[in-house]
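Add 314 to a position in the sequence shown, counting from 1, and you land on the number used in this note's numbering. Just so it is clear, CB atoms sit at the ideal spot from N, CA and C, and this is done for glycine as well. Treat the numbers as computed from the prediction; the structure is a model and nothing was measured. See below for the structure under consideration.
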Amino acid sequence: MTSKNKQSINMKWPYKTKNYVLFGAGVFVIIVGYLTMYLGEVDSFQSLVLSPMLLLIGYLVLIPYALFKK
315 MTSKNKQSIN MKWPYKTKNY VLFGAGVFVI IVGYLTMYLG EVDSFQSLVL SPMLLLIGYL
375 VLIPYALFKK
């Protein structure tokens, strides 16, 4: 009974360092996307094209890739 109680539990992190770096990069790209949308004029290239592209890359590419990559 004591041998069962003394078993060490090996807990592994679900993600590796690369996943956390990719997730952080995704959050950074999303923040930059919102900042470019906020700082640009209403009808500018920055607000209408660049910012949505950054947000799509962050939300649809980097964050899911960081979560699903093993």
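Buried or exposed: which applies to residue i, given that a residue is buried once 16 or more other Cβ atoms fall within 10 Å of its Cβ?
i    : result
G338 : exposed
V343 : buried
N370 : Note that residue 370 corresponds to Leu in the displayed sequence, not to Asn. Answer is exposed; the Cβ neighbour count stays below 16.
Where do the N-terminal and C-terminal ends of the alpha helix (DSSP H) with residue i fall, by residue?
i    : result
S365 : 365-371
Y329 : Note, Y329: premise wrong, no alpha helix (DSSP H); not H, not E.
L381 : 377-382
Taking residue i as the reference, give the member of the options with the closest Cα.
i    : options          : result
L381 : K326, L336, M351 : L336
F377 : N333, V346, P328 : The amino acid at residue 377 is misidentified as Phe; the sequence shows Ile. The shortest Cα separation from I377 among N333, V346, P328 belongs to N333.
Put residue i into one of helix, strand or coil per three-state DSSP.
i    : result
I344 : helix
V356 : coil
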